[in-house]
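Okay, so here's the structure we're looking at.
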Amino acid sequence: MLNKEKIKLIEYRPEVNGVKVDFELQYRDRETDMKEIARRVTEDYARRGNDTDQIEHLHIYLKPTDFTAYYVINDTYEGKVSLF
Numbered sequence: 003m004l005n006k007e008k009i010k011l012i013e014y015r016p017e018v019n020g021v022k023v024d025f026e027l028q029y030r031d032r033e034t035d036m037k038e039i040a041r042r043v044t045e046d047y048a049r050r051g052n053d054t055d056q057i058e059h060l061h062i063y064l065k066p067t068d069f070t071a072y073y074v075i076n077d078t079y080e081g082k083v084s085l086f
């Protein structure tokens with residue numbers, strides 16, 4: 003069972019030239035944002051027995067046509083989560 007209290011969740015906080023940027027994705031009748039996707043990715047990574055404290059780099063690829071977010075952690079670990 004996944005202990006959510008022990009998971010270090012990745013908070014998505016992008017800035018460009020000091021300006022906070024929020025990303026939202028709308029596709030057909032669905033909607034999500036990068037904060038929610040980052041949370042799902044982090045939980046999926048931990049659920050598979052990995053230590054979220056070891057995450058140094060997280061790259062997420064969004065594919066709305068498949069309703070999937072693919073991710074790569076630390077250039078070695080690959081996974082995918084539901085986009086919506």
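Just so it is clear: in the sequence shown, position 51 is 53 by this note's numbering, and no numbers are missing. Don't be surprised by glycine CBs; every beta carbon is placed ideally from N, CA and C. Given the structure is predicted, the values throughout are model-derived calculations rather than measurements.
Exposure of residue i, with buried meaning 16 or more beta-carbon neighbours within 10 Å
| i | result |
| --- | --- |
| Thr34 | buried |
Boundaries of the beta strand (DSSP E) in which residue i is found, first to last residue
| i | result |
| --- | --- |
| Arg32 | 32-35 |
| Gln28 | 26-29 |
| Thr70 | 70-75 |
| Glu80 | 79-84 |
Same chain only: Cβ atoms within 6 Å of residue i, ignoring 5 sequence neighbours per side
| i | result |
| --- | --- |
| Val23 | Pro16 |
Distance CB(residue i)-CB(residue j) smaller than 8 Å
| i | j | result |
| --- | --- | --- |
| Ile75 | Leu85 | no |
| Ile57 | Ala71 | no |
| Thr87 | Thr44 | Since the displayed the chain opens at 3 and closes at 86, residue 87 lies outside it and no answer follows. |
Nearest-angstrom beta carbon gap, residue j and residue i [assumed within contact, 8 Å]
| i | j | result |
| --- | --- | --- |
| Val83 | Arg42 | 4 Å |
| Gly81 | Tyr47 | 7 Å |
Any C-beta of chain B under 8 Å from that of residue i
| i | result |
| --- | --- |
| Asp35 | Note that chain B does not occur in the displayed structure, where there is just one protein chain. |
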